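Student: Note that the numbering used here has the sequence shown beginning at 93, numbered continuously upward.
Glycine residues also receive a C-beta, built at the ideal position from the N, C-alpha and C atoms.
Being a predicted model, the structure only gives us computed values, none of them experimental.
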Amino acid sequence: MERRSFLKTAGVGAAGVAAAPFVNTASAQETITWNMVTSWPKNFPALGTGANEFAERIERMSGGRMRIRVHGAGEMVPAMEVFDAVSAGTAEMGHSASYYWRGKVAASQFFTAVPFGMTTTETNAWLYNGDGQTLWDELYAKQNLKPFPVGNTGTQMGGWFKKEVTSLDDMQGLKLRLPGLAGEAMSGIGVTTLTIPGSEIFTSLQTGVLDAADWVGPYNDLAFGLHQVADYYYTSAWNEPSAVLEGTVNLDAWNALPDDLKAVVTEAARASNLAMISEFALRNAEALDALINEHGVQLRTFPDDVMAALHESSLKVLQNQVDSDPDSAKIYASYRDFQRKVRPFTDVGEFAYLKARDRLVND
93 MERRSFLKTA GVGAAGVAAA PFVNTASAQE TITWNMVTSW PKNFPALGTG ANEFAERIER
153 MSGGRMRIRV HGAGEMVPAM EVFDAVSAGT AEMGHSASYY WRGKVAASQF FTAVPFGMTT
213 TETNAWLYNG DGQTLWDELY AKQNLKPFPV GNTGTQMGGW FKKEVTSLDD MQGLKLRLPG
273 LAGEAMSGIG VTTLTIPGSE IFTSLQTGVL DAADWVGPYN DLAFGLHQVA DYYYTSAWNE
333 PSAVLEGTVN LDAWNALPDD LKAVVTEAAR ASNLAMISEF ALRNAEALDA LINEHGVQLR
393 TFPDDVMAAL HESSLKVLQN QVDSDPDSAK IYASYRDFQR KVRPFTDVGE FAYLKARDRL
453 VND
């Protein structure tokens, strides 16, 4: 009885300060129903199902007071219009990747992936224990959005190529699907890069619109059947050493929620982030085995001259980004400072262990 009384009081108190049209008058017995639009095909493994599970967690943790209807890409809005739809209030929530919005908010890219940047563990530490979330909130508030990390693919692959890359010369003139800062870095070494929805990658490779494509990793790449249209799979994960998936909430809708439901959404996002990381660790391993041993995929690593050129180009892209955009300068300064702080232990801890394991453990 005390819990019901508290929840009812919290809901009424928040309603008094909410701005239209998102005025919350829900009592403990009433239900708030929101729409979530995503950039993923409906029920697509990990990405789409991760959005579904995020919505389910919110409903369970709220005791049914919040229900989220999840829409796949194209069902309510196109894949690349999630940001605008949530900002405008067409939908209350979104699930996507922030580097898709570089044309709208250049600094958003730092909250998905940075070439040669932090690992997943380091990135989560920046978001949860450093300035990352605060800076993200400040940046997105200008767009009427409240962001959260709601999933992470972990280390992504270097991409699928129709022809083997043996030197930097082989990269010249290739048409490659690769978004974000890494896409700009690729452009700097002579590659033509495009940002297209994942659902279009297979056909684009098949028809020659693309010569190569980055998507996610073995689990999602196998689901799209990319091994059927490209033979060579590159492991050099310079582009997205960690890839955060973002959940967004319309800021007016967020401010209309009582504090206990804000806490529900926040903790559901945190749980969903961990769950997706764990899922990818297993499913990527299983899918990689299938790609190599069942489908004959040729696993490759980029040549040294390609990696050196990509590193140099990435530094130039990041510097240009910082020089041209004050928000990017502020966010990247925080990101780099945090990376410098945590890298020494990563190097003597996990990295040193992985090198020893690779050398000594053969089974």
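1. Between the Cα of D306 and the Cα atoms of T141, E332, A315, which residue gives the shortest distance?
2. Is the number of C-beta pairs between the stretch 124 to 144 and the stretch 158 to 175 that are closer than 8 Å three or more?
3. Can you have a look at Q413 and say buried or exposed, based on whether 16 or more other CB atoms are within 10 angstroms of its CB?
4. Give me the residue from K447, D397, T438, A444 with the minimum Cα distance to S259.
5. So, under 8 Å CB-CB, Y326 and M278 are touching, yes? Tell me the CB distance rounded to an integer number of Å.
6. In chain order, what residues of the same chain lie with their CB nearer than 8 Å to the CB of D223, ignoring the 5 residues before and after it?
7. For H187, write down the residues that DSSP places opposite it in a beta bridge.
8. How many whole angstroms separate the CB atoms of R204 and Y191, which I take to be in contact at a CB cut-off of 8 Å?
9. Relative to the C-alpha of N216, which residue among Y311, S334, G317, A360 is closest?
10. Do D344 and N236 have their C-beta atoms within less than 8 Å of each other?
11. What are the partner residues of Q390, as DSSP defines its beta bridges?
12. Here's a check: name, in chain order, each residue in its chain whose Cβ is nearer than 6 Å to the Cβ of W218, leaving out the five neighbours to either side.
13. Do you know offhand how far A355's Cα is from E151's?
14. Report all residues from its chain with a CB closer than 7 Å to the CB of K134; omit the five preceding and five following residues, and keep chain order.
15. Please name the residue or residues paired with R157 in a DSSP beta bridge.
16. Please go through the stretch 207 to 260 and give each complete beta strand (DSSP E) segment of 3 or more residues, from N-terminal end onward.
17. Run through the DSSP bridge pairs and tell me what R449 is partnered with.
18. Taking Cβ to Cβ, would you say T340 is nearer than 8 Å to M210?
19. Just verifying my parser: in three-state terms, what is the DSSP assignment at N116?
20. Please report the distance separating the alpha-carbon of P499 from that of E371.
21. Quick check on H319: buried or exposed, where buried means 16 or more other Cβ atoms within 10 Å of its Cβ?
22. Is the separation between the beta-carbon of V389 and that of D303 shorter than 8 Å?
23. At the level of alpha carbons, what is the spacing between I384 and L391?
24. So does the stretch 357 to 364 actually touch the stretch 288 to 301, counting three or more Cβ pairs closer than 8 Å?
25. Just how far apart, CA to CA, sit A444 and V206?
26. Could you give the distance in angstroms between the alpha-carbon of P395 and the alpha-carbon of P310?
27. Could you tell me the distance, in whole angstroms, from the CA atom of V301 to the CA atom of K267?
28. Using C-beta distances below 7 Å, list every residue in its chain close to G275, excluding the 5 sequence neighbours before and after it, in chain order.
29. For the ligand NAP, I want to know if M263 counts as a neighbour, meaning its beta carbon is within less than 7 Å of at least one of the ligand's heavy atoms.
30. Leaving out five residues before and five after L380 in sequence, what residues of the same chain have Cβ atoms less than 6 Å from its Cβ?
Tutor: Considering the structure as presented:
1. Minimum Cα distance to D306 is reached at E332.
2. Output reads yes: the stretch 158 to 175 touches the stretch 124 to 144.
3. Looking at its Cβ environment, which holds 16 or more other Cβ atoms inside 10 Å, Q413 is buried.
4. Comparing Cα-Cα distances from S259 to each of K447, D397, T438, A444, the minimum goes to D397.
5. With a Cβ gap of about 12 Å, Y326 and M278 do not count as contacting.
6. Correct list, in chain order: S426, F430.
7. Answer is T130, G339, bridged to H187.
8. One point to set straight first is that residue 204 is Thr, not Arg, in the sequence displayed. Yes, they are in contact, since the Cβ atoms of T204 and Y191 sit about 4 Å apart, within 8 Å.
9. With distances taken between Cα atoms, N216 lies closest to S334.
10. Closer than 8 Å, so yes.
11. Per DSSP, Y324.
12. Within the same chain, G224, F430 come within 6 Å of W218 by CB-CB distance, once the 5 residues on both sides are set aside.
13. When the Cα atoms are used, A355 and E151 turn out to be separated by approximately 13 Å.
14. The beta carbon of K134 sits closer than 7 Å to those of G140, G164, E167, all from its chain and outside the five residues before and after it, given in chain order.
15. Its beta-bridge partners do not exist; DSSP assigns none.
16. Those beta strand (DSSP E) runs which fall completely within the stretch 207 to 260 and span 3+ residues are 237 to 244, 251 to 253.
17. Bridge partners of R449: none, in fact.
18. No. Outside cutoff.
19. The predicted position of N116 is uncertain, since its pLDDT is 46 and thus under 50; no value can be drawn from it.
20. Residue 499 falls outside the range modelled here, since the chain spans only 93 to 455, and no answer is possible.
21. H319 comes out buried.
22. Taking 8 Å as the cut-off, the beta carbon of V389 is found no closer than this to the beta carbon of D303.
23. Roughly 7 Å between the two C-alpha positions.
24. Fewer than three Cβ pairs drawn from the stretch 357 to 364 and the stretch 288 to 301 lie within less than 8 Å of each other, which leaves the two stretches out of contact.
25. The alpha-carbon atoms of A444 and V206 are separated by roughly 23 Å.
26. P395 and P310 have their C-alpha atoms roughly 21 Å apart.
27. So the alpha carbons of these two residues sit roughly 7 Å apart.
28. Answer for G275: T285, T287, listed in chain order.
29. Within the structure as shown, the ligand NAP is missing, as the structure has no ligands at all.
30. Contacts found: P310.
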